[in-house]
Amino acid sequence: MTPGGGSGPMKDCEYSQISTHSSSSPMESPHKKKKSVPKRKWEVFPGRNKFFCNGRIMMARQTGVFYLTLVLILVTSGLFFAFDCPYLSEKITPAIPAIGGILFFFVMGTLLRTSFSDPGVLPRATPDEAADLERQIDIANGSSSGGYRPPPRTKEVIINGQTVKLKYCFTCKIFRPPRASHCSLCDNCVERFDHHCPWVGNCVGKRNYRFFYMFILSLSFLTVFIFAFVITHVILRSQQTGFLNALKDSPARYPFNETNFRAYCKITSEMSVVCFFSVWSIVGLSGFHTYLISSNQTTNEDIKGSWSNKRGKENYN
Amino acid sequence: QVHSLQELRRSASLATKVFVQRDYSDGTTCQFQTKFPPELESRIERQLFEETVKTLNGFYAEAEKIGGSSYLEGCLACATAYFIFLCMETHYEKVLKKISKYIQDQNEKIYAPRGLLLTDPLERGMRVIEISIYEDRCSSGSSSSGSSSSSSSGGGGG
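Residue numbers (the numbering used here), protein chains in the order written: chain S, 5 to 321; chain V, 13 to 170.
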């Protein structure tokens with residue numbers, strides 16, 4: 005409808021309809037030229053992230069350790085399927101490689117999902133919003149005194165009757181929502197920031213925590229599974245009497261002669277060492293995150309003791 | 013004169029922006045304050061604005077609702093190691109799409125004719141609803157003349 009009454013002073017302006025649909029991918033490049041080439045948001049993203057596949061994949065800058073994780077998982081699982089599964093599926097049950105396969109599929113799926121998805125990065129404030137906030141803060145503090153940097157700005161909000169202080173992020177120029185935190189490695193504020201995990205090459209936050217938790221949980225099961233059945237394999241083989249005779253009888257069935265049996269033992273022992281350390285650290289980590297979930301905390305909050313029941317401790321974000 | 017959206021960008025000049033903040037009184041779920049910003053006093057009826065924000069709040073509550081279907085969706089997703097999301101959208105994403113359509117609709121029908129523009133909070137990380145206030149380059153008087161007639165022309169914007 006027309007805003008009617010002002011038609012006197014208002015000239016006859018011609019307008020044409022356009023889709024108001026502001027698609028989330030293209031964005032005007034910062035220069036206001038007439039023929040500005042629209043750039044994708046990931047191309048002008050201010051944080052320290054790497055993007056692949058036209059912005060579909062988002063990771064942290066340092067991804068070296070992630071490749072190590074991939075290699076460890078792939079090599080260990082590969083060796084397991086190649087060397088242990090044929091024997092075990094015959095001796096015990098073919099369900100073993102099947103279950104192993106399912107676990108491996110879970111681990112890889114959730115790992116890639118954790119590493120490649122956006123953890124819940126908060127976009128930085130637009131210049132207009134930043135200016136508006138600054139103005140409001142100046143009004144609240146009185147006019148800015150001198151040139152020195154004013155103390156960290158906080159804003160109090162009342163959440164369910166409890167007062168929580170929101171901290172101002174100088175990099176992103178926003179007041180961080182409750183439970184958000186700034187990751188110094190990625191230079192982004194992340195919602196419900198858990199931690200920055202170099203092993204997955206990404207931050208763990210609100211939007212990828214479920215993938216991260218499923219990853220460590222399924223990895224715990226996988227490492228325990230592999231470890232248990234590698235040990236089982238070694239025990240079963242060593243219990244076989246006339247082992248070398250069996251080899252002579254059916255060399256095709258047990259593709260080992262003496263020399264590569266030694267190699268096999270070496271590989272197995274290396275795998276066992278990797279598995280042993282992995283089992284304890286991964287299982288421990290899964291247990292820790294299960295505790296965090298049950299107490300509704302993030303790693304960051306647990307370490308800082310944000311919600312611990314200390315008297316007189318203020319709740320900061 | 014109906015101000016259509018696009019041309020707000022070109023022929024109108026941006027006067028100022030108002031930011032509607034999050035309302036945390038009921039917890040950390042996504043809700044926005046329904047308090048009417050003073051800058052919009054002369055631009056839009058209080059009731060229309062409040063209705064927009066309340067509807068948005070309703071949408072966000074629906075998106076984050078944990079009910080039977082979202083529980084099943086979660087279990088199915090977990091069981092398939094989240095591969096199912098290569099084929100289907102989450103309930104949350106579906107509601108976000110609804111919200112985006114609603115905002116577009118509101119902009120076209122209610123806000124653009126009054127020289128205002130709502131920005132989807134998704135673009136700002138769900139922290140604020142950004143309302144841009146435009147001044148007509150074509151007009152000399154702008155805002156004040158608009159209000160008296162818009163209140164008399166009542167529900168025309170629906």
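For every residue, glycine included, the Cβ atom is placed at its ideal position computed from N, Cα and C. Quantities reported herein were computed from a predicted structural model and do not represent experimental measurements.
Any chain V beta carbon closer than 8 Å to residue i
i	result
D88(S)	no
I297(S)	no
S26(S)	Low local confidence applies: a pLDDT of 45 at S26(S) is under 50, so the model's placement there is unreliable, and no value is given.
V208(S)	no
I77(S)	no
D136(S)	yes
F197(S)	no
P101(S)	no
M218(S)	yes
F215(S)	yes
R241(S)	no
R60(S)	no
R157(S)	no
R117(S)	yes
Contacts of residue i in chain V (Cβ-Cβ under 9 Å)
i	result
T114(S)	A93 and Y94
L126(S)	R136, G137, M138 and R139
E305(S)	The contacting residues do not exist; E305(S) stays about 13 Å from chain V at best.
Residue interval of the alpha helix (DSSP H) (run including residue i)
i	result
F174(S)	Per DSSP, F174(S) belongs to no alpha helix (DSSP H) and is neither H nor E.
C187(S)	Segment S185 to C187 is the beta strand (DSSP E) holding C187(S); no alpha helix (DSSP H) there.
A135(S)	P131 to N145
M112(S)	A99 to F120
K66(V)	R58 to E76
K110(V)	H103 to Q118
V48(S)	Where V48(S) is concerned, there is no enclosing alpha helix (DSSP H), given that its DSSP letter is neither H nor E.
Own chain, CB closer than 7 Å to residue i, minus 5 neighbours either side, in chain order
i	result
F31(V)	V140 and E142
M275(S)	T80, L83 and V234
S312(S)	none
Contact with chain S by residue i, beta-carbon distance below 8 Å
i	result
K25(V)	As written in the sequence, residue 25(V) is Ser, which differs from the Lys given in the question. Not an interface residue.
C99(V)	no
N54(V)	Note that residue 54(V) is Ser in the sequence shown, not Asn. No, no contact with chain S.
C90(V)	yes
Beta-carbon neighbours of residue i, restricted to chain S and to distances below 8 Å
i	result
G79(V)	Here the premise fails: no neighbours, minimum Cβ distance about 18 Å.
T40(V)	I163, P181, P182 and R183
Rounded straight-line distance, which links the Cα of residue j to that of residue i
i	j	result
I230(S)	T67(S)	26 Å
H199(S)	Y72(V)	27 Å
P34(S)	N192(S)	Low confidence applies here, because P34(S) scores a pLDDT of 45, under 50, leaving its location unreliable; read the following figure in that light. Looking at the two C-alpha atoms, the distance is approximately 20 Å.
N212(S)	N206(S)	10 Å
S112(V)	E101(V)	15 Å
E94(S)	H237(S)	11 Å
G137(V)	I106(S)	36 Å
A144(S)	K177(S)	17 Å
L108(V)	I103(S)	37 Å
P125(V)	S299(S)	49 Å
S282(S)	Y217(S)	16 Å
P50(S)	Y114(V)	30 Å
T289(S)	S37(V)	Residue identity check: residue 289(S) is Leu in the sequence provided, not Thr. For L289(S) and S37(V), the distance between alpha carbons rounds to 34 Å.
I77(S)	G80(V)	36 Å
E195(S)	C187(S)	10 Å
C90(V)	G113(S)	11 Å
Neighbour list for residue i in chain S, Cβ cutoff strictly below 7 Å
i	result
S82(V)	Going along chain S, no residue has its Cβ under 7 Å from S82(V), so there is no contact; the nearest lies around 13 Å.
Range of the contiguous beta strand (DSSP E) that encloses residue i
i	result
I163(S)	T158 to I163
D148(V)	V140 to D148
I61(S)	I61 to A64
L26(V)	A24 to Q33
N313(S)	First-last for N313(S): undefined, no H or E at that position.
L128(V)	L128 to T131
K54(S)	N53 to F56
C207(S)	N206 to V208
Chain-order list of residues whose beta-carbon lies under 6 Å from that of residue i (same chain, five-residue window excluded)
i	result
T64(V)	Q118
V69(S)	P202 and W203
R157(S)	I141 and Y172
F75(V)	Checking the sequence shown, residue 75(V) turns out to be Ala, not Phe. Around A75(V): Y104 and V107.
E160(S)	T167 and K169
A93(V)	none
C89(S)	P101
Residue i: contacting residues in chain V (beta-carbon distance under 7 Å)
i	result
I178(S)	R139
D132(S)	K29
F110(S)	A93
Closer than 9 Å at the beta carbon, the chain S residues around residue i
i	result
R34(V)	V161 and P181
Sequence-distant residues of the same chain with beta carbon closer than 8 Å to residue i, five excluded per side
i	result
S67(V)	The sequence given here has Thr at residue 67(V), not Ser. Contacts found: Y114.
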